[in-house]
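Contents: one structure, followed by commentary.
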Amino acid sequence: MSAAPDSTAAHAALLSLPELDPLAPALAGLPETVDSVAVARLYGEPLFQMPLDLYIPPDALEVFLEAFQGPLDLLIYLIRRQNFNILDIPMADVTRQYLSYVDQLRKHNLELASEYLLMAAMLIEIKSRMLLPPKKTDDGSEPEDPRAELVRRLLEYEQIKLAAARLGALPVAGRDFQLAQVHIEQSLQPRFPDVNANDLRDAWADILRRAKLNQHHKITREQLSVREHMSIVLRRLQGQKFLEFEHLFDVSRGQAVLVVTFIAMLELARERLLEITQAEAFAPIYVRLAYSPS
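Number 444 in our numbering belongs to position 109 of the sequence shown; there are no gaps in the numbering.
Below, the structure written as C-alpha cells:
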C-alpha cells in the first residue's frame with residue numbers, strides 16, 4: 336500500500352480502483368481469528384463464532400486509500416506518484432486514471448463527484464486539442480500548448496499547498512507550547528498616582544465657588560501670615576493618616592483666609608513636609624504628612 340499524500344480532506348478512493356494501489360494482495364494474508372482466539376470483537380467483547388443470520392450490506396466495507404482536497408490535489412498526486420514532468424504531462428495516462436477515480440466516486444458520493452466533473456471535462460478537452468493539428472497564429476508564432484493553463488494552475492496550487500504546510504508546521508500556542516502565566520504579588524502598600532494639576536485646579540475652583548456663598552458684608556482688615564497658616568495645617572494633620580483636601584479649609588472665614596491657607600499648603604508641599612495624593616482619576620484628593628524615617 337502506498338503512503339497517502341499530506342492532505343486533510345475526506346475524498347477517498349475505493350478498493351476496486353486499480354490505478355491507486357489496491358489492497359487485495361495485502362488483505363489476503365490476514366488471519367481468520369483475532370487475538371488468536373476470537374474471530375471478531377463486537378463492542379469490545381470477543382466473538383468466538385460468526386452469527387448464522389449475519390447480513391453484510393454490499394457497501395458495508397470500504398477501504399479508504401488516499402485523501403484529496405480537490406481535483407487539483409488529485410492531479411498533483413497522480414503526476415508526482417508516477418514521476419511525470421509537470422511541464423510535459425502525458426494527458427492520456429493522467430486522464431484515464433483521473434476518470435477511473437471519478438467513476439468510482441460517482442457510485443458512492445454523487446455530490447462530491449460533481450466537483451471533479453468540471454476538471455474531467457477540461458482534461459478531455461485538452462486531450463482532444465492535442466490530437467488535432469495545431470492552428471497557426473496570425474503573427475506566425477508557435478501556438479500555445481493546450482496544457483499551459485492547466486500547468487499554470489497546478490504549479491500555483493502546489494506552491495500554495497507547500498506554503499500552507501510550512502505555516503502549519505510553525506509552533507502554535509496551545510498546541511505546541513503553552514503561554515507562561517506568572518502571578519506577581521502586588522505590594523501591600525498601594526502607590527497612589529501623582530495628582531494632576533488640572534484636578535488640583537478644579538478642586539480649588541470648587542472651594543472658591545462655595546466660599547462665595549458664605550461672604551459677609553463686614554469689611555475688615557486682617558493681617559494674615561502664610562507661616563502661621565502653615566503651622567495650622569501641620570497641626571490639623573498631626574496624628575491623622577490623611578485628611579481630605581476640602582477639610583483643610585474653613586469656608587466661613589472668607590476668601591482671604593482660604594487663599595492664604597491654600598498658599599500655605601502649597602509651600603508645605605514644596606518643602607516636602609506634606610504629600611498630596613489621589614487614588615485614581617476623578618477621586619477625592621487627600622493630604623497627609625510626609626513620611627520621614629526616624
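Glycine is no exception: its CB is placed at the ideal position from the N, C-alpha and C atoms.
The model shown is predicted, which means the values in this text are computed figures rather than measured ones.
Excluding sequence positions up to five before and after L624, its CB lies within less than 6 Å of the CB of L572 and L609, all in the same chain and listed in chain order. Counting only residues of its own chain and dropping the five nearest sequence neighbours on each side, H582 has no CB closer than 6 Å to any other CB. The stretch 370–388 makes no contact with the stretch 454–470, as fewer than three CB pairs between them are under 8 Å. Contact annotation: the stretch 609–622 touches the stretch 525–545, with at least three C-beta pairs closer than 8 Å. Distance from the CA of E450 to the CA of F383, rounded to the nearest whole angstrom, comes to 45 Å. Relative to V595, the option among W539, V507, R526 and Y436 whose CA is nearest is W539. The three-state reading of DSSP puts L578 in strand, counting E and B together.
For R376, the secondary structure class from DSSP, reduced to helix, strand or coil, is strand. Rounded to whole angstroms, the gap between the alpha carbons of P481 and A498 is 28 Å. A check of alpha carbon separations from F597 across R488, D534, V561 and A618 identifies V561 as the nearest. The three-state reading of DSSP puts R623 in strand, counting E and B together. Residue state for A508 is assigned as strand, using DSSP reduced to three classes.
Going by beta carbons, F403 and L410 fall outside the 7 Å limit.
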